[in-house]
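Encoded as structure tokens, the structure appears first; notes follow it.
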Amino acid sequence: MTFDLGTGLFVFMLATFIGLEVIRKVSPLLHTPLMSLTNAISAISVVGAIIITGNKDATMATKILGFIAITAVVTNIVSGFLITDRMVKMFKKRETKK
Amino acid sequence: MTFDLGTGLFVFMLATFIGLEVIRKVSPLLHTPLMSLTNAISAISVVGAIIITGNKDATMATKILGFIAITAVVTNIVSGFLITDRMVKMFKKRETKK
Amino acid sequence: MLNLVNYLYIISAGLFVLSLKWLNSPVSARRGVFAGEIGMLVAVTGAFIQAYPVYNLEWIVSAIVIGTAVGIPIAYIMPMTAVPQRTALSHACGALAAALVGTAELYQRQPKAAEELSGFVMVALMLETLLGFLTFTGSLMAMGKLQEVLPQRPITYKNQNLVNFFLFAIAVVLAVRLILVPTDTYLFPFFALLSLLFGVLLIIPIGGADMPTVIAILNSYAGLSACAMGFVLGNKLLVVAGALDGSSGLILSIIMCKAMNRSFTNVLFGAFGQIQTSTAKQEQRNVRSASPEEAASILESAGSVIIVPGYGLAVAQAQHKIRELYDNLMRRGVNVKFAIHPVAGRMPGHMNVLLAEADIPYDRLVEMDEINGEFPQCDVALVIGANDVTNPKARTDKGSPIYGMPILDVDKAHTVMVIKRSMNPGFAGIDNDLYYMDKTLMLFGDAKGFVTEIVKELPARAAA
Amino acid sequence: MLNLVNYLYIISAGLFVLSLKWLNSPVSARRGVFAGEIGMLVAVTGAFIQAYPVYNLEWIVSAIVIGTAVGIPIAYIMPMTAVPQRTALSHACGALAAALVGTAELYQRQPKAAEELSGFVMVALMLETLLGFLTFTGSLMAMGKLQEVLPQRPITYKNQNLVNFFLFAIAVVLAVRLILVPTDTYLFPFFALLSLLFGVLLIIPIGGADMPTVIAILNSYAGLSACAMGFVLGNKLLVVAGALDGSSGLILSIIMCKAMNRSFTNVLFGAFGQIQTSTAKQEQRNVRSASPEEAASILESAGSVIIVPGYGLAVAQAQHKIRELYDNLMRRGVNVKFAIHPVAGRMPGHMNVLLAEADIPYDRLVEMDEINGEFPQCDVALVIGANDVTNPKARTDKGSPIYGMPILDVDKAHTVMVIKRSMNPGFAGIDNDLYYMDKTLMLFGDAKGFVTEIVKELPARAAA
Ligand SMILES: NC(=O)c1ccc[n+]([C@@H]2O[C@H](COP(=O)([O-])OP(=O)(O)OC[C@H]3O[C@@H](n4cnc5c(N)ncnc54)[C@H](OP(=O)(O)O)[C@@H]3O)[C@@H](O)[C@H]2O)c1
Ligand SMILES: NC(=O)c1ccc[n+]([C@@H]2O[C@H](COP(=O)([O-])OP(=O)(O)OC[C@H]3O[C@@H](n4cnc5c(N)ncnc54)[C@H](OP(=O)(O)O)[C@@H]3O)[C@@H](O)[C@H]2O)c1
Chain Y
1 MTFDLGTGLF VFMLATFIGL EVIRKVSPLL HTPLMSLTNA ISAISVVGAI
51 IITGNKDATM ATKILGFIAI TAVVTNIVSG FLITDRMVKM FKKRETKK
Chain C
1 MTFDLGTGLF VFMLATFIGL EVIRKVSPLL HTPLMSLTNA ISAISVVGAI
51 IITGNKDATM ATKILGFIAI TAVVTNIVSG FLITDRMVKM FKKRETKK
Chain Z
1 MLNLVNYLYI ISAGLFVLSL KWLNSPVSAR RGVFAGEIGM LVAVTGAFIQ
51 AYPVYNLEWI VSAIVIGTAV GIPIAYIMPM TAVPQRTALS HACGALAAAL
101 VGTAELYQRQ PKAAEELSGF VMVALMLETL LGFLTFTGSL MAMGKLQEVL
151 PQRPITYKNQ NLVNFFLFAI AVVLAVRLIL VPTDTYLFPF FALLSLLFGV
201 LLIIPIGGAD MPTVIAILNS YAGLSACAMG FVLGNKLLVV AGALDGSSGL
251 ILSIIMCKAM NRSFTNVLFG AFGQIQTSTA KQEQRNVRSA SPEEAASILE
301 SAGSVIIVPG YGLAVAQAQH KIRELYDNLM RRGVNVKFAI HPVAGRMPGH
351 MNVLLAEADI PYDRLVEMDE INGEFPQCDV ALVIGANDVT NPKARTDKGS
401 PIYGMPILDV DKAHTVMVIK RSMNPGFAGI DNDLYYMDKT LMLFGDAKGF
451 VTEIVKELPA RAAA
Chain F
1 MLNLVNYLYI ISAGLFVLSL KWLNSPVSAR RGVFAGEIGM LVAVTGAFIQ
51 AYPVYNLEWI VSAIVIGTAV GIPIAYIMPM TAVPQRTALS HACGALAAAL
101 VGTAELYQRQ PKAAEELSGF VMVALMLETL LGFLTFTGSL MAMGKLQEVL
151 PQRPITYKNQ NLVNFFLFAI AVVLAVRLIL VPTDTYLFPF FALLSLLFGV
201 LLIIPIGGAD MPTVIAILNS YAGLSACAMG FVLGNKLLVV AGALDGSSGL
251 ILSIIMCKAM NRSFTNVLFG AFGQIQTSTA KQEQRNVRSA SPEEAASILE
301 SAGSVIIVPG YGLAVAQAQH KIRELYDNLM RRGVNVKFAI HPVAGRMPGH
351 MNVLLAEADI PYDRLVEMDE INGEFPQCDV ALVIGANDVT NPKARTDKGS
401 PIYGMPILDV DKAHTVMVIK RSMNPGFAGI DNDLYYMDKT LMLFGDAKGF
451 VTEIVKELPA RAAA
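If you're matching them up, the sequences are chains Y, C, Z and F in order.
Residues in the first sequence are numbered from 1 upward in steps of one, following the numbering used here.
Residues in the second sequence are numbered from 1 upward in steps of one, following the numbering used here.
Residues in the third sequence are numbered from 1 upward in steps of one, following the numbering used here.
Residues in the fourth sequence are numbered from 1 upward in steps of one, following the numbering used here.
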């Protein structure tokens, strides 16, 4: 589960292109939810945190750092998605009423 | 210069997303040039053709197949880009005149 | 070295993306083409470095020289009206290359088959060759139909789909066997032949006028074939370029199907256009026809004219004459616009390219949705070689093969004039009620010839 | 097993892309959030399978439980007005996690440093920790400023940029040394400290009201940090999610800068908002003020009212009261719309979220470019806690810090009413000529309180 620099850069370039294309089309109405959604997505580092903490050779220091990292990032994920949903729901409701 | 299936699929998915996003925004005015441009780009198999023909172990059969392949695909590239440019130029001229 | 190659490929992939992105408007389109060219150049450079030290250079270089020598005249001599055919031919070339590279890979790698030709590589190789060969013959067939070398009419026979399915099943069995035992190369020629045959069989039941959609789908296939080659060679650039191509073909064919209000399966298996034969038995209805002189006098006294170009314009290559007509009328203060139906002609954007070739400003080319509101206020709608895209039956007649297809509201104009050679139907093979309306004048003749005569009448009158 | 993980990561990456794609309109936005949630779930599942057999499960599970337990109340208790602060806090959490994982990686991999910590992996690791730590303290600072725990005013001192540059140079030297000799771990704490310090130093010279832009940029950094982690761990999902995040932050900050007509560098190094202190010396000019009763009578006799909300609305949390006002006026047949300036408030889209929270239909929220044409025909423009976004100086006064910023043409309305607490300036610290116009009435008071009183007056009059 490693890759060479080339693969990484390739994936990075493609993902950046997608990001720029897709984000540019988000309606200004939803810029605040967008910010908190991408915020939640940036908590993807949870993957790294779990892998390093769950390692057989994890030292005590690693475990503590990992513990803090996971706590912080899970807070981020949970509150990020929930609050985005809360915001977006407010807009949603209007749609049916209109 | 090989990759695992996973990397390939990752790259494929991202590139398809980009393709769908970007192409959908092409103005209908330019659909014919679009067709001939992507046609020229699909001639990217020239890379594979060169690599296999230039191989040390290339048999006579490989050389012949490679020769035909390169000829066909270079025709495709050259005529594809030139004709696209020819078409697009026609639209371009109008811009300044308008 | 390998790293350098990788960076070159990344740059190339990025340039291809930018190339398609910039094609979204005429203003940046040339930059787009340029980016594509540079991208291809970078890719080829990368390929040479990757293959370093390149053996058989004489083979490669002479192939490149020949390809270039053939490609340049094709690009410059080819008239714009032949763009669909050229695209088809080009697909054929690209797909053939992919298939041949795949074939060469298979045999070349036999000595190391155990390590190198297992699992997904072999699956990709089979896909690459299947799609490559199939697209090769399919594109040639499409080209033949577009060039009218082959019969336009769909060719059908009993149990056609069953026969195709049966052949496909055999191909799949061969492919699976080859994937499991890559050394069974004696099976490969049969597989290749079946793939070639398949390309032919898939196209013959499709009518000539559906060829543009078919070409877009074949474009998709060619892209996927390049993608599969990327998986075989472990080359990410091929995967990206192939995927871009694949999605482009897909989107274009979807757009075309939508504009014709037909489904994918209907295009591929519907044997559309067959009904053309049944048009003889139509009852005799009255039409009014007019001479070039009359047409000219109606046009010059009009305040606004909407020209509706169609496939006949492409056939007659009348675009330059129409440009003259346009100039002449504009000079007289007549407001002339062009109504562009998304599937007028035989390719998406076909009319735009033809009219642009004749130097007609592109802000005069108005798309269907925008111009439809203007027909009721327009004095004269001049239909030139268009038929199906103006047929009011699409709105009302549920039994009609074009029912539901959005059309240009030509019938709402104050006066309608139609230039075509006869009362023969268009691609869909059905009668057009437009021609029997009281306010319609039929101008029988070749589009180019008739427009020339109208133009000749106009300055004479101006002098008078 | 590894393959399964890879597929899960591919699915997750695809879901993240779809998630952002669906956020482009309110209709599909919830689906977008849902896709994001599933994507994250899939990613976490993938992580567990990849780490299988997972050691220290008790640590991981308890961290997840605690994180969830903290996260849920934050999401539900947090008032909508505190969204900017919450976002900043959340960035801090995410960035801290990235930095800590990077730190743990560095020490954990020491035994195998020679193979595993060389070349680009070490570069990525340094970037990950630098960006992570910097974003951590930077976001906390931004949060403090937004919550007004820290002084809003930019703090500047002599040679500030020089000092920063010097510290940065030291950090770079340390990083380079660590990249070349990854076993020199004793240097790392200094590097980490410098990064933390850096986050603080970068933010203190930036005014409180520029925090939203800063947050967007920090969002970008957090994304890039996750990306770098992807390079360290060889995980493509992290690269994709991080890049999506990075580009999102970038685009949002560009949009904000454009809407304020300021450059990136001006926001980051301009110490904007300093001028706030200089406003005392303005000459005394006359303004007309009015009571809630008078305001109510003007509103109820108007045919059309455009409400212009601004930062004061958020401060006063007046959105629900404004909803009452809106309902009441609409019931009386007054046509009420809301004019939304792209940078009104303290976050892009801030006003939209607040008004949506109060159930105001989103088709009543009109963007600047669309509504500006309507002001000349509008009877009353009611400005509630907005200031800079209505300041006509932006059009005329080249010396003004907001010169060139597109504004709402409030001054073109027949009558203008402004609810604010005092004559104090807004974020840009400049006087607003709007308040001195003959047709302007100042309604001094807290936005919520004043609107409440207007609403109280309205039904009384209806009964009369
Ligand atoms: N554009 C695309 O991408 C695309 C793709 C797939 C299918 N199609 C189909 O193609 C059709 C296009 O509609 P359309 O209205 O453009 O064409 P059409 O319905 O095929 O009609 C063309 C008309 O032009 C006349 N014509 C032919 N040669 C001429 C000449 N030399 N001078 C004057 N007239 C001539 C023909 O009548 P005479 O024989 O009497 O002269 C014919 O009726 C649609 O049915 C569409 O669904 C288009
Ligand atoms: N939205 C973004 O993304 C963003 C990002 C960066 C910067 N900014 C900047 O933020 C500013 C936003 O403009 P704006 O017009 O919305 O706000 P503003 O110019 O900051 O003015 C807000 C006004 O609201 C009044 N106010 C404050 N609390 C109030 C309360 N409780 N009740 C009634 N009034 C109250 C204040 O006057 P009193 O003190 O007299 O009451 C103040 O003049 C722009 O300069 C923009 O460049 C925005």
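Just so you know, even glycine gets a beta-carbon here, dropped at the ideal spot from N, CA and C.
Closer than 7 Å: residue i CB and nearest ligand 2 heavy atom
i: residue 262(Z); result: no
i: residue 386(F); result: yes
i: residue 465(Z); result: Because chain Z spans 1 through 464 in this model, residue 465(Z) falls outside it and cannot be assessed.
i: residue 122(Z); result: no
i: residue 422(F); result: yes
i: residue 213(F); result: yes
i: residue 82(F); result: no
i: residue 416(F); result: no
i: residue 451(F); result: no
Pick from the options that is closest to residue i, judged by C-alpha positions
i: residue 147(Z); options: 79(Z), 225(Z) and 69(Z); result: 79(Z)
i: residue 289(Z); options: 345(Z), 421(Z), 138(Z) and 145(Z); result: 421(Z)
i: residue 222(F); options: 346(F), 371(F) and 238(F); result: 238(F)
i: residue 56(Y); options: 74(F), 108(F), 67(F) and 83(F); result: 108(F)
i: residue 128(F); options: 45(Y), 83(Y), 68(Y) and 73(Y); result: 45(Y)
i: residue 58(C); options: 31(Z), 3(Z), 19(Z) and 103(Z); result: 103(Z)
i: residue 369(F); options: 324(F), 350(F), 259(F) and 9(F); result: 259(F)
i: residue 115(C); options: 77(Z), 69(Z) and 60(Z); result: An answer regarding residue 115(C) cannot be provided, because it is not within the stretch 1 to 98 covered by chain C.
i: residue 286(F); options: 440(F), 391(F) and 382(F); result: 440(F)
Cβ-heavy atom distance, residue i to ligand 1, below 7 Å
i: residue 394(Z); result: no
i: residue 411(F); result: no
i: residue 320(Z); result: no
i: residue 419(Z); result: yes
i: residue 348(Z); result: yes
i: residue 427(Z); result: yes
i: residue 297(Z); result: no
i: residue 311(Z); result: yes
i: residue 446(Z); result: yes
i: residue 210(Z); result: yes
i: residue 344(Z); result: yes
i: residue 316(Z); result: yes
i: residue 256(Z); result: yes
Residues bridged to residue i [DSSP beta-bridge criterion]
i: residue 337(Z); result: 306(Z)
i: residue 384(Z); result: 309(Z) and 419(Z)
i: residue 442(F); result: 289(F) and 418(F)
i: residue 367(F); result: 340(F)
inquiry  = Using 8 Å as the cut-off, can you tell me whether the stretch 173 to 191 of chain Z makes contact with the stretch 216 to 230 of chain Z, which would need three or more C-beta pairs spanning the two stretches below that distance?
reply    = no
task = Indicate whether the contact test is met: 3 or more Cβ pairs, each with one atom in the stretch 375 to 383 of chain F and one in the stretch 403 to 418 of chain F, closer than 8 Å.
result = yes
inquiry  = Counting beta carbon pairs with one atom in the stretch 16 to 29 of chain F and one in the stretch 23 to 33 of chain Y, are three or more of them shorter than 8 Å?
reply    = yes
task = Count the CB pairs spanning the stretch 95 to 110 of chain F and the stretch 127 to 144 of chain F that are closer than 8 Å, and state whether there are at least three.
result = yes
query = Are the stretch 136 to 155 of chain Z and the stretch 69 to 76 of chain Z touching, with three or more C-beta to C-beta distances below 8 Å?
reply = no
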